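The sequence shown begins at 72 in the working numbering and counts up one residue at a time. Positions of the beta carbon are idealized from the N, C-alpha and C atoms, including for glycine. Keep in mind the model is a prediction, meaning the values are calculated, not measured.
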Amino acid sequence: MKQFGVIGYPIEHSLSPILHQEIYNQLNISASYDKKKVTRDQLDHFVNTNKLNGFNVTIPHKKTIIPFLKSLDPSAKTIGAVNCVYKSKGYNTDWIGFLKTISNNDLSINNKSCVIIGAGGVARAIAYGLIRKGIKSISIKNRTIKSKQKLLEWIDSLHPTNNLNENPNIIINCTPLGMWPKINSMPDIEINNQSTLIETVYNPLETKWLKYGKEIGAKTISGLDMFIWQGIASIELWMGEKISEKIELEKVKKVLKSELC
Ligand SMILES: NC(=O)c1ccc[n+]([C@@H]2O[C@H](COP(=O)([O-])OP(=O)(O)OC[C@H]3O[C@@H](n4cnc5c(N)ncnc54)[C@H](OP(=O)(O)O)[C@@H]3O)[C@@H](O)[C@H]2O)c1
């Protein structure tokens, strides 16, 4: 039986075991997936001694794990963050999960403009995916100007024709605003019925921001989609085969929804 897992600190609230177990069940894969509490001081030892067939990495280790790995996939290297490890090599499947979310929701981003709210790790992974998919421009809205400038400089280095745009109508929330238990907070940004709102927060399933977007006629995409797709991308890496067509996505969503607040 193969053994997988997710490391982080804290890790108690991770939904990844539910997600992975449901997918393994659907595919008849004999495997376990466990949460492992690993502190910063234990990281080096864990990377070098664990016997797992692959593992995911979450807050706060997505960057700090990098020096302990043998190699990095080019996308993880460019983004500077790892959320999936296989044979001591670091990968980033957040941007892959984001792009699968986009295509699965029939959203075209080629030559469009967007705003990312937030300038942390997920914002960076999503910006990378958007650039790879041919986005026309990305602007950033963030609480701290310094990290916004840093992210914009990085985007410009990857996408020199990033001309900051007039009226972007794809808006992506990459902050924890709206996340349980602070469910009454939401991003402060103008939206209208032509906007597409993409969430990364997935608990609650429908944040206050998405609810408001729906009410005014905007298209909305929940953070659960990206969460599921980044997990599927990790499994595809570990198994070495495409599995997405074999999965009953609605059933995975139903199982996860029953765990959400
Ligand atoms: N769906 C998925 O698969 C998935 C995967 C990973 C993460 N996520 C979600 O993405 C979110 C961000 O994760 P991350 O790894 O990018 O975190 P991060 O690196 O800590 O970045 C957090 C960002 O949110 C901003 N922020 C935090 N609290 C805020 C507040 N109260 N008001 C305004 N801005 C605030 C921060 O602004 P400053 O620069 O000013 O600090 C920063 O830009 C998480 O909350 C999580 O829900 C979803």
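Hey, how far is the Cα of residue i from the Cα of residue j?
i: residue 327; j: residue 299; result: 9 Å
i: residue 240; j: residue 251; result: 26 Å
i: residue 89; j: residue 274; result: 14 Å
i: residue 127; j: residue 308; result: 11 Å
i: residue 208; j: residue 74; result: 41 Å
i: residue 123; j: residue 215; result: 38 Å
i: residue 280; j: residue 289; result: 11 Å
i: residue 167; j: residue 305; result: 10 Å
i: residue 120; j: residue 150; result: 26 Å
i: residue 137; j: residue 263; result: 41 Å
i: residue 253; j: residue 282; result: 15 Å
i: residue 152; j: residue 329; result: 30 Å
i: residue 247; j: residue 194; result: 11 Å
i: residue 228; j: residue 131; result: 26 Å
i: residue 202; j: residue 316; result: 26 Å
i: residue 217; j: residue 102; result: 44 Å
Return the first residue and the last residue of the alpha helix (DSSP H) that residue i is part of.
i: residue 197; result: 192-203
i: residue 326; result: 320-328
i: residue 126; result: Here residue 126 belongs to no alpha helix (DSSP H); instead the beta strand (DSSP E) covers 125-128.
i: residue 174; result: 165-175
Output the boundary residues of the beta strand (DSSP E) element that contains residue i.
i: residue 87; result: Looking at the DSSP string, residue 87 is not in any beta strand (DSSP E); the run it does join, the alpha helix (DSSP H), is 87-98.
i: residue 103; result: 102-108
i: residue 66; result: Past the edges of the chain, shown from 72 to 332, lies residue 66, and the structure says nothing about it.
i: residue 273; result: That residue, residue 273, is in no beta strand (DSSP E); it is neither H nor E in DSSP.
i: residue 73; result: 73-79
i: residue 244; result: 241-244
i: residue 160; result: 160-162
i: residue 303; result: Not the beta strand (DSSP E): residue 303 falls in the alpha helix (DSSP H), residues 294-310.
For residue i and residue j, which I take to be in contact (beta-carbon distance under 8 Å), what is that distance rounded to the nearest angstrom?
i: residue 276; j: residue 331; result: 5 Å
i: residue 170; j: residue 204; result: 6 Å
i: residue 108; j: residue 192; result: With 8 Å as the limit, residue 108 and residue 192 do not qualify as a contact, their Cβ atoms being about 20 Å apart.
i: residue 256; j: residue 284; result: Residue 256 to residue 284, Cβ: 15 Å. No contact.
i: residue 160; j: residue 144; result: 6 Å
i: residue 172; j: residue 297; result: 5 Å
i: residue 272; j: residue 294; result: 5 Å
i: residue 146; j: residue 163; result: 5 Å
i: residue 249; j: residue 278; result: 3 Å
Is the distance from the Cβ of residue i to the Cβ of residue j below 8 Å?
i: residue 79; j: residue 105; result: no
i: residue 314; j: residue 303; result: yes
i: residue 196; j: residue 187; result: no
i: residue 301; j: residue 175; result: no
i: residue 211; j: residue 180; result: no
i: residue 190; j: residue 140; result: no
i: residue 200; j: residue 157; result: no
i: residue 242; j: residue 226; result: no
If we count the other Cβ atoms within 10 Å of its Cβ and call it buried at 16 or more, is residue i buried or exposed?
i: residue 72; result: exposed
i: residue 270; result: buried
i: residue 230; result: buried
i: residue 99; result: exposed
i: residue 258; result: buried
i: residue 93; result: buried
i: residue 96; result: exposed
i: residue 87; result: buried
i: residue 238; result: exposed
i: residue 244; result: buried
i: residue 287; result: exposed
i: residue 110; result: exposed
i: residue 91; result: buried
i: residue 165; result: buried
i: residue 184; result: buried
i: residue 213; result: buried
i: residue 233; result: buried
Say whether chain D places a C-beta atom closer than 8 Å to the C-beta of residue i.
i: residue 140; result: Absent from the structure is chain D; it holds one protein chain and no more.
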